[in-house]
Structure formats: structure tokens, C-alpha cells
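Please read the structure below before turning to the comments.
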Amino acid sequence: MDFKQTIASALAQSCGLAAGELENWLETPPSPELGDYAFPCFKLAKTLKKAPPVIAAELAGTLTLPEGVASARAEGGYINFTLDKRALAKAVLERVSAEGERYGGSDLGGGKNVCIDYSSVNIAKPFHIGHLPTTVIGAALYRIYNHLGYHSVGINHLGDWGTQFGKMIVAYKRWGERETIERGGVDELVKLYVRYHQEVETQPSLDDEARAWFKRIEDGDAEALELFDWFKAITLKEVAEVYDILGVRFDSYAGESFYNDKMGRVVDELRKKNLLKLDQGAQIVDLSEYKMPPCIILRSDGATLYATRDIAAALYRKDTYDFAKCLYVVAYQQDLHFRQWFKVVELLGYPWAKDLIHVSFGMVSGTEGSFSTRKGNMVKLRDVLSAACEKTLAIIEQKSPDLDDKETVAGQVGIGAVVWSSLYNGRIKDVVFDWDAILNFDGETGPYAQYTHARACSVLRKANFVPSGAVDYAVLDDAESTAVIAAIAAFPDAVKEAMEKNEPYLVSRAVIAVASAFNKFYYEQRIMADDAAVRTARLKLTDATRTVIHIGLGLLGIAAPERM
RNA sequence: GUCUCCGUAGCUCAGUAGGAUAGAGCGUUCGCCUCCUAAGCGAAAGGUCGCGCGUUCGAAUCGCGCCGGGGACGCCA
4 MDFKQTIASA LAQSCGLAAG ELENWLETPP SPELGDYAFP CFKLAKTLKK APPVIAAELA
64 GTLTLPEGVA SARAEGGYIN FTLDKRALAK AVLERVSAEG ERYGGSDLGG GKNVCIDYSS
124 VNIAKPFHIG HLPTTVIGAA LYRIYNHLGY HSVGINHLGD WGTQFGKMIV AYKRWGERET
184 IERGGVDELV KLYVRYHQEV ETQPSLDDEA RAWFKRIEDG DAEALELFDW FKAITLKEVA
244 EVYDILGVRF DSYAGESFYN DKMGRVVDEL RKKNLLKLDQ GAQIVDLSEY KMPPCIILRS
304 DGATLYATRD IAAALYRKDT YDFAKCLYVV AYQQDLHFRQ WFKVVELLGY PWAKDLIHVS
364 FGMVSGTEGS FSTRKGNMVK LRDVLSAACE KTLAIIEQKS PDLDDKETVA GQVGIGAVVW
424 SSLYNGRIKD VVFDWDAILN FDGETGPYAQ YTHARACSVL RKANFVPSGA VDYAVLDDAE
484 STAVIAAIAA FPDAVKEAME KNEPYLVSRA VIAVASAFNK FYYEQRIMAD DAAVRTARLK
544 LTDATRTVIH IGLGLLGIAA PERM
């Protein structure tokens, strides 16, 4: 039952405005004592030519209260609606029971595809802490869209093209050993890359060699391709291990090299539509009309660029997936780049240009400034994850020495903490990497949510709870129970808003709201009460809490252990 | 220089397409485990919402201008 809707239609009957509009005006009062919903009458003051408090009083007087609404009181310029606690508890908890793991979801998406371009690792480069946001934000959106009835298509747009692979081959042939690399993996490739950049200082001719080798890759030369594919395989193997730990999956690994033969179309279409312009030897699309620098499509030597490739990829994805939206989870540094080529797609006449969305996020830096592969000061994601697991294991040894399978739980909680760190604030915030912050398990953190979940599970286990039978919802009328119910009731809207804004943190905050309310409830009210009716109802509430936290953490990509 | 994002408590951040006395967490100080997991709960202290003008019945939220910071600005991705 949607109380907001029923209140809106009751209001509509009294004042003659459209219920849909009124529903948007309804808000949540700042404190629960005021009520569950508030209708501000200020907006009506002008048309009705009366003071807001007068309007509120009149409306409240003439209103016929819908079922489930206990009272409508005029206070200040507001009408405050208080729901019948029993009706609310029943509606919310029975909905959670009925929907189970689907709670907070819907068929809103109607099975339409949503492409999500995220993580997008670079071949022969380390997978470092800077890749965490795109990876976990993208993976969370992937699940959130699926929960809302879309079909997510996860795309890892590999950085597997460019002259750096020519450099890699040169470095490998001069100083590399196959066996060392097979053993040491990406770290060894990076060493070669760093060495190349040292040596090229004194031997500029290396760059010519590198260009030649890259040309051989482009031309499909067997030896060049073998090495190129080998570098790729080594990188992907390592990256796959991290994805496995994080529970992240992709439906496509079509990266930059995949589009190599698909860029002619971009140039052809641009030319056909007269959008290309020769400028300083390069082919560009002039965007001065839109207050942007030109988008370069072809270099003066005829080679394609980043933008060309992105446009080719967008065309391909539209053809292949017919997406309703195509998200690019990429740091805000590339803001202009996306605005430019989105505009070019629009100028090409494709109406779906509006469905291309840059989901930008802040950058990760170290306390000493930005990370750099060449400087070698970056923090590897694997190291962060293992440190988190180690710390968690130590805590478990101390707090729950009798726990079975400590290693597994330590992994779940440690990784949960790391993943959480990228999902609990708005995306746009910059992050200064800090070991203490990322390994914090107190307060509003992943482990806090996990702990609350485990706590709820523990009670249910001890009570041998079975989710059936009659429940007297009227006994859930204390402030703490009411607050938990309100938080659970708010969860579905949070998931939907998280999708609309592409902001997973809205789910994180909703989970915290449930967890925090439950912990207060847990402390103040004894769930295993002597009175059977009270006990049954509180267990029902505990079960709903468990379910919602489980769903929320699941959407974020965080495991919810039953004990910890 | 131009464009863009950001500026809320000591720190890190919320603040719902302007609304009722600005909220959390961390940190600090002080309380709470003979009872369901103390990775928890409670209390105290802490804010000219960067500054100014404007729009409005009402502005942290919208507009303009400053100040401070991040980022980007043709042949890298």
C-alpha cells in the first residue's frame, strides 16, 4: 500500500488539484513526532489568496482520512499526517515478507538493456587503488539496474591499444625474460615499462623502434601479435583475480583494439553529414557553437584518436545492445572529453545521444599527491584488500575467537570495508587515500552494516524463527520499532533514486539508516520478550531488517555473513 | 585567460528537483555488557552553511559577482 498516494488523492478531493502534483509536494517532516508525511500549504497561498496556516486548517478540517491514516493536523503552514502505526507496520513488513530478496526492486526497466562501461583496466599496467571507484561504482550500478528490472551489460573497455605496446615489445626484446614475466606478472611488465622510459632519455631511437613495432601490431604481424596477446593475457589473469575477490563480472571485454576496424564508419558518417573540417592538418568537428574546443577525429597523420574510438564504440553498442542508457563510469578529469563526443553523436543525428551518460567520480590521490605508475608510488588494490583481510582476521581473533571459518568471514568483512569506502559518499568527492580511513570498521561503515546483519541473524537463529503465522502488528508501537519500520519503508525509494542519479551511495545511506535504527531498537527493546505476541512481532521486524540489509549490501557488492 | 566541478562542526561527509529549531560518522570528554554479538547504545562539547548582493512568504539549496581549491582546455588515453 502506498500511503503517499492515498494521502495525495485525499488532498486532491479536498482542494481540487491533481493528485500526481500533490504527491510530489508531500514531504517528510523533520522529526517523527510531527508525523509521517507533511503537506506544505505555502504553494497554495497565492492562488487561494489566504494565509498558509488558514489553508492548512481548512483543508485538514474538510479532509476525509483515508484508511491507514490516523490523523491530519494543521501545524504552521503544514498539514501533518500521521499514519496508523499498526497499518504501516503491517503494510511494510508483509511487503518485505512477500517480496523477499526482490524487496526494493521493480520491473521499472522492462528488461531494457543498460550498458555500463566501468573499471576499464589498462593492459600491462598495475591494478591500483585508483581503479577502485570505477570498479565498485560500476558494479553497484550494474546490480541496482538489474534490481529495477533493467538488463545490465557490463563492459570492460580495455586499454589495449596505443604506442605503449610498441614500447613494451622493445623493452621486452632488449631486457625481458619470458620466464621472469610469467612468474612475476604485471609487476615485471611495469619494470620493463619504467626501464624503457629511463633508457629512452639517452637513446631516443628507441621510440622509432617502438613505433615500428606498434605498426607491426596494427598490421597483424605474427610475432608482434603473439607478444601483444601475451601481455594482455598476463594482465587479465591478474585482474581477474581481483574481480573475483570483489565479485565483479563483465559481459564484454571489448576494448580499444576491438574497435580498431570499426572507425571508418565514424569518419564516413561525419563526412557525409558535412561535420568534418580540416584544421591545422587534422580532421575536427567544430564545437565552438557549443562553447567547447573542437573534437579531433583524425590526427594530421591520419590516425584516429580517443574520441573517434569512443564514438565507434557507442555506435557499436547501440547496434548490438540497443541500450536504453549507456553509462561511462569514468573520473571527472574526462568531463570535457565526454561532453564533446556526446555532442558529436548528437550532431550525427542520433536521438539516443541523450542516453549517453558520463557517471563521473572524484580522483584518488595519495597524501603526497597524485599516484603515478612511472613514479611507482601507487598502492596496489590487491595489497589494500589483503591488508583489510589481515586486519579483520586480527579483530575476529580478538572478538569472536570461536567463530567457524574465520578466514572466509575476515575476507568478507575486510573487502566489505574497502568496497564501502568508495560507495558511502557522493561520487564527485575526491579521495585522499589513507590506510586508517579505508581500514576503519567503526561507525557508518560496511562492517557496521554487516555486524548489524549478523546480529539480526543471531537472534533469529536462537529463536528458531519461522516466517509464518499470524502477527499482531499493533505491538510494534514503540518509538524504536517505528523508526526501524520507517527506515525499511524508505528503502525502495532510495534504490530507485540511486538508479535515477547513478549514485550508489543512496543505497549505502539507506542501509545505514536501517542498521542504525535496528541497533537502537535492539538495545532498547528485548526481542525475545516473554510475551509471545510481542516476541513474534519483534522477530518479524528483525527478519525484515535482516532481509533489507542483505539486499542493500548485495546491491553494493558486499557480502553479508550470518556470523562475525 | 576560458570552461567546469567543489567550498556545511577540529576531520570526512549527508542535507530528498527552496520549506518547520542545519544532521551523521570519526575524533574529544563522560556514561552503559550477572539479559538476544559492546565491530554496539546513550550523553556532552563543537557551525557567521566561503563572502556579498539579488529572487522569494521562505535560501545551505535558485541567479549574479567576488574569494579559495580541484580538473580540463587539438593531434595521449
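If you read the first sequence in this note's numbering, its first letter stands for residue 4, the second for the next number, and so on. Ideal Cβ placement from N, Cα and C applies to all residues, glycine included. Fair warning: this is a prediction, and the values are worked out from it, not measured in the lab.
CB contact flag (residue i, residue j, <8 Å)
i: K383; j: F217; result: no
i: V288; j: L278; result: yes
i: L209; j: Y199; result: yes
i: I82; j: A48; result: no
i: A490; j: G449; result: no
i: L249; j: I418; result: yes
i: A227; j: R219; result: yes
i: M295; j: K346; result: yes
i: G113; j: D87; result: no
i: P69; j: T485; result: no
i: C44; j: P55; result: yes
i: V478; j: T548; result: no
i: T370; j: D437; result: yes
i: A501; j: P507; result: yes
i: I360; j: N159; result: no
i: P470; j: S100; result: yes
i: G258; j: D408; result: no
i: L396; j: R566; result: no
i: Y427; j: E447; result: yes
i: W28; j: F42; result: yes
i: A13; j: T67; result: yes
i: V193; j: K280; result: no
Other residues of its chain near residue i: CB distance less than 8 Å, five sequence neighbours each side excluded
i: M366; result: G133, A334, Y335, Q336, S373, D433, V434
i: A466; result: I530, M531, R538, L542
i: Q528; result: D481, E483, S484, R541
Segment limits, alpha helix (DSSP H) that includes residue i
i: F345; result: 338-350
i: K321; result: 309-324
i: D232; result: 225-249
i: T539; result: 535-559
i: Q286; result: No alpha helix (DSSP H) contains Q286, which is instead part of the beta strand (DSSP E) from 285-288.
i: Q16; result: 6-18
i: A516; result: 508-527
i: V469; result: Note, V469: premise wrong, no alpha helix (DSSP H); not H, not E.
i: G64; result: 55-65
i: R252; result: Taken as a continuous stretch (DSSP letters only), R252 belongs to no alpha helix (DSSP H), as it is neither H nor E.
i: L273; result: 267-275
Cβ shell of residue i (< 6 Å), same chain only, five flanking positions each side left out
i: L111; result: L151, G152
i: L339; result: none
i: K93; result: Y476
i: S255; result: I158
i: H154; result: G114, N116
Beta-carbon contacts of residue i that lie in its chain and below 7 Å, excluding the five residues immediately before and after
i: K543; result: L96, V474
i: V514; result: A452, I552, G555, L556
i: S425; result: L135, P136, V139, I140
i: M266; result: T307, T311, R312, A315
i: R320; result: C118, F326, C329
i: Y175; result: L195, L230
i: R458; result: Y525
i: T85; result: G38, D39, A73, S74
i: A518; result: Y451, A452, T455, I552
i: E202; result: L209
i: K394; result: G417, L442
i: G179; result: L195
Residue i, enclosing beta strand (DSSP E) - first and last residue
i: V333; result: 328-334
i: R385; result: Note, R385: premise wrong, no beta strand (DSSP E); alpha helix (DSSP H) at 384-402.
i: F364; result: 359-364
i: R76; result: 72-78
i: S155; result: 154-158
i: T85; result: 81-86
i: L301; result: 298-301
i: L279; result: 279-282
> Can you give, in chain order, each stretch of the beta strand (DSSP E) that sits fully within the segment 22-48 and has at least 3 residues?
Replying inline: 40-43
> Does the segment 383-401 come within contact of the segment 142-149, defined as at least 3 CB pairs closer than 8 Å?
Replying inline: no
> Counting Cβ pairs, one atom from each stretch, are 3 or more of them under 8 Å apart for the segment 61-68 and the segment 108-128?
Replying inline: no
> Within the chosen definition, does the segment 90-109 reach the segment 315-324 through at least 3 CB pairs nearer than 8 Å?
Replying inline: no
> Which residue spans inside the segment 474-506 form an unbroken alpha helix (DSSP H) run of at least 4?
Replying inline: 482-504
> Considering only residues of the segment 89-169, which uninterrupted beta strand (DSSP E) runs meet the minimum length of 3 residues and lie entirely inside it, listed in chain order?
Replying inline: 116-120, 154-158
> Fully enclosed by the segment 173-232, which alpha helix (DSSP H) runs are 4 residues long or longer?
Replying inline: 181-187, 189-205, 208-221
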